[in-house]
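Asks: Below is a structure I'd like to ask you about.
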Amino acid sequence: MDSLYNRISDDPRIRRYALPIASTLLGIQSLWYLNRWASQRALNNFTPNSKWDWTKELVVITGGSSGIGAAIVSKLASKGIKIVILDLNEPTSPTPPTVYFYKTDISSSSSISSTATEIRTTHGHPTILINNAGISTDSTILEKPLNITQRIFAVNHFAHYLLVKEFLPNMIKHKHGHVVTIASMASFASRGGNIDYAASKAAVLAFHDGLSQELALFYDAPMVRTTIVHPTWVATPMLQPLLSAGLRVSTVQPEEIADAVVKQLYSGNSGALYLPNPLLLGIAAGMKGWPHWMQEWLRVTIARDVRDVARSANLKSTRLEQDKELTAEQRLVADL
Numbered sequence: 004m005d006s007l008y009n010r011i012s013d014d015p016r017i018r019r020y021a022l023p024i025a026s027t028l029l030g031i032q033s034l035w036y037l038n039r040w041a042s043q044r045a046l047n048n049f050t051p052n053s054k055w056d057w058t059k060e061l062v063v064i065t066g067g068s069s070g071i072g073a074a075i076v077s078k079l080a081s082k083g084i085k086i087v088i089l090d091l092n093e094p095t096s097p098t099p100p101t102v103y104f105y106k107t108d109i110s111s112s113s114s115i116s117s118t119a120t121e122i123r124t125t126h127g128h129p130t131i132l133i134n135n136a137g138i139s140t141d142s143t144i145l146e147k148p149l150n151i152t153q154r155i156f157a158v159n160h161f162a163h164y165l166l167v168k169e170f171l172p173n174m175i176k177h178k179h180g181h182v183v184t185i186a187s188m189a190s191f192a193s194r195g196g197n198i199d200y201a202a203s204k205a206a207v208l209a210f211h212d213g214l215s216q217e218l219a220l221f222y223d224a225p226m227v228r229t230t231i232v233h234p235t236w237v238a239t240p241m242l243q244p245l246l247s248a249g250l251r252v253s254t255v256q257p258e259e260i261a262d263a264v265v266k267q268l269y270s271g272n273s274g275a276l277y278l279p280n281p282l283l284l285g286i287a288a289g290m291k292g293w294p295h296w297m298q299e300w301l302r303v304t305i306a307r308d309v310r311d312v313a314r315s316a317n318l319k320s321t322r323l324e325q326d327k328e329l330t331a332e333q334r335l336v337a338d339l
């Protein structure tokens with residue numbers, strides 16, 4: 004050890020170059036850990052980890068019959084947790100005895116109200132609400148019928164308000180609960196041809212931020228947790244036509260998102276998840292602060308690639324006609 008110290012002391016190159024570099028790297032690492040700790044504390048209103056008894060918790064999840072929702076249900080059910088699925092379509096595979104299905108149109112306030120009453124009467128008050136369901140159709144503003152845009156907002160955004168109004172009061176009363184919002188990286192960047200979807204996800208982000216503040220400042224319930232999830236392109240059947248037609252994008256599997264959500268629930272903490280690459284997507288989430296030429300380059304590049312692939316495979320007009328013909332049940336799918 005002494006010889007190493009003497010070597011460092013005697014070598015001017017080490018003193019001049021290596022030590023400053025090492026100190027800088029150590030400082031950056033320390034700041035990174037400090038930033039992560041401070042962010043975690045702030046997201047949880049500077050309160051300790053909440054305690055959970057998973058034999059008594061009740062999870063309500065929308066869009067739990069397929070995609071991301073089905074993957075979350077599968078992972079929670081494997082631990083024997085009681086789950087209620089709200090969806091228009093029944094699960095495609097058999098579910099364990101702890102999983103219950105209620106056919107519900109979450110774009111309808113009356114449907115949500117009646118289902119929520121039945122859930123409370125039959126199962127008790129939910130302690131976890133996962134707003135996962137979402138719909139999307141690819142077509143431009145002028146091509147898309149208004150009723151489709153209205154339904155996209157009803158499912159992707161307004162349903163969050165309706166469900167929180169039903170289940171949040173009891174969470175506040177007991178200062179115990181968790182509201183999970185499945186958003187999207189589209190919350191931060193709109194893409195031409197899919198504007199209403201991006202707008203609904205931007206609204207969901209604002210809803211999540213405001214809900215977190217109200218819990219701490221207005222309802223005196225800082226221990227009720229909130230988590231928002233921003234996945235990028237999710238490998239679901241609705242994306243498959245574009246991928247098959249040659250769209251080259253990095254995708255994330257529903258199971259990967261489910262793993263992150265379940266881990267966050269088990270932690271007892273609030274969170275903000277960017278998937279699949281938290282570091283890079285966290286940086287991308289701040290793109291509104293980028294120079295405008297960088298923002299436009301990224302948005303235009305993505306929009307052009309999707310447009311060109313859809314046109315080359317004649318997907319655009321076909322998809323729009325299918326959207327007009329689909330029933331509400333067929334359009335309610337797991338979030339993209």
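First residue of the sequence shown? That's 4 in the working numbering, and the numbers climb one at a time after it. Note that the Cβ used here is the ideal one computed from N, Cα and C, for glycine as well.
1) Specify, as a first and last residue, the run of the beta strand (DSSP E) that HIS126 falls within.
2) What runs of the alpha helix (DSSP H), each 4 residues or longer, lie entirely inside the segment 141-197?
3) Where THR130 and SER111 are concerned, what is the direct C-alpha to C-alpha distance, given to the nearest angstrom?
4) How about the segment 282-291 and the segment 178-187: do they share at least three Cβ pairs that are nearer than 8 Å?
5) Excluding the 5 residues preceding and the 5 following ALA206 in the sequence, name in chain order all residues of the same chain whose CB lies nearer than 6 Å to its CB.
6) Which of helix, strand or coil does DSSP assign to PRO23?
7) From what residue to what residue does the beta strand (DSSP E) around THR230 run?
8) Counting pairs of Cβ atoms below 8 Å between the segment 94-108 and the segment 143-155, do you hit three or more?
9) CA-CA distance, PRO23 and PRO240?
10) Based on the DSSP secondary-structure assignment, which residues constitute the bridge partners of ASN134?
11) In three-state terms, what does DSSP make of GLU324?
12) Quick one: what does DSSP say LEU278 is sitting in, helix, strand or coil?
13) Can you give, in chain order, each stretch of the beta strand (DSSP E) that sits fully within the segment 268-318 and has at least 3 residues?
14) Suppose the cutoff is 6 Å on Cβ atoms and the five residues either side in sequence are ignored; what does the same chain contact list for GLY274 look like?
15) Can you tell me which residues form a DSSP beta bridge with VAL62?
16) Taking one C-beta from the segment 112-123 and one from the segment 135-153 each time, how about it: are there three or more such pairs within less than 8 Å?
17) Hey, out of TRP55, PRO100 and ILE185, whose CA is closest to GLY70's CA?
18) Find the nearest neighbour of LEU278 within the set ALA261, GLY127 and LYS204, judged by alpha-carbon distance.
19) Hey, could you find the ends of the beta strand (DSSP E) VAL255 is sitting in?
20) Under the assumption that LEU208 contacts SER193 (Cβ atoms under 8 Å), give the Cβ distance between them as a whole number of angstroms.
21) Under a three-way DSSP split, which group does LYS54 fall into?
22) Who are PHE221's beta bridge partners in DSSP?
23) With DSSP run on the structure shown, which of helix, strand or coil describes PHE49?
24) Pull the bridge partners of VAL264 from the DSSP assignment, please.
25) Tell me which residues share the same chain as ASP308 and place their Cβ nearer than 7 Å to its Cβ, disregarding the 5 neighbours each side in the sequence.
26) When DSSP labels each residue in this structure, what does PRO15 get in the three-state scheme?
Replies: In short, the structure shows the following:
1) The residue you call residue 126 lines up with position 123 of the sequence shown. That residue, HIS126, is in no beta strand (DSSP E); its alpha helix (DSSP H) goes 112-126.
2) Every alpha helix (DSSP H) stretch that sits fully inside the segment 141-197 and reaches 4 residues is listed by chain position as 149-156 and 162-177.
3) Here residue 130 is taken as the residue at index 127 of the sequence shown, counted from 1. Here residue 111 is taken as the residue at index 108 of the sequence shown, counted from 1. Between THR130 and SER111, the C-alpha separation is close to 22 Å.
4) no
5) Translated into the one-based positions of the sequence shown, residue 206 becomes position 203. If we look at ALA206 and ignore the five residues flanking it on each side, its Cβ neighbours are HIS160.
6) Indexing the sequence shown from 1 puts residue 23 at position 20. Helix.
7) Sequence index remark: in the sequence shown, residue 230 carries index 227 (1-based). From DSSP, the beta strand (DSSP E) with THR230 extends over 228-234.
8) No, the segment 94-108 does not touch the segment 143-155.
9) Here residue 23 corresponds to residue number 20 of the sequence shown, with the count starting at 1. Here residue 240 corresponds to residue number 237 of the sequence shown, with the count starting at 1. If I take the Cα positions, the gap works out to 52 Å.
10) Within the sequence shown, residue 134 is the residue found at index 131, counting from 1. Answer by DSSP bridge pairing, in chain order: THR184.
11) Stepping through the sequence shown from its first residue, residue 324 is reached at position 321. Model confidence at GLU324 stands at a pLDDT of 41, short of 50, so the residue's coordinates are unreliable; what they give is reported in the following sentence. If DSSP states are grouped into helix, strand and coil, GLU324 belongs with the helices.
12) Residue mapping note: residue 278 aligns to position 275 of the sequence shown, counting from 1. Of the three classes helix, strand and coil, the one that applies to LEU278 here is strand, per DSSP.
13) 274-278
14) Reading the sequence shown from its first residue, position 271 is the one you call residue 274. Correct list, in chain order: THR230 and GLN267.
15) As a working mapping, residue 62 is identified with position 59 in the sequence shown. Partner(s): ILE86 and ILE131.
16) no
17) The residue you call residue 70 lines up with position 67 of the sequence shown. The option with the nearest alpha carbon to GLY70 is ILE185.
18) Within the sequence shown, residue 278 is the residue found at index 275, counting from 1. When only C-alpha atoms are compared, the closest one is ALA261.
19) Numbered from 1 along the sequence shown, position 252 holds the residue referred to as residue 255. Counting along the chain, VAL255 falls outside any beta strand (DSSP E), and DSSP gives it neither H nor E.
20) Stepping through the sequence shown from its first residue, residue 208 is reached at position 205. Stepping through the sequence shown from its first residue, residue 193 is reached at position 190. Incorrect: roughly 13 Å between the Cβ atoms, too far for contact.
21) The residue labelled residue 54 in the question sits at position 51 within the sequence shown. Correct three-state label for LYS54: coil.
22) Here residue 221 corresponds to residue number 218 of the sequence shown, with the count starting at 1. For PHE221, which the question treats as bridged, DSSP gives no partner whatsoever.
23) The sequence position of residue 49 within the sequence shown is 46, counting from 1. DSSP places PHE49 in coil when its eight states are reduced to three.
24) Counted from its first residue, the sequence shown places residue 264 at position 261. DSSP output for VAL264 lists no bridge partner at all.
25) Reading the sequence shown from its first residue, position 305 is the one you call residue 308. Closer than 7 Å at Cβ, skipping near neighbours: LEU250.
26) Against the sequence shown, residue 15 aligns to sequence position 12. Correct three-state label for PRO15: helix.
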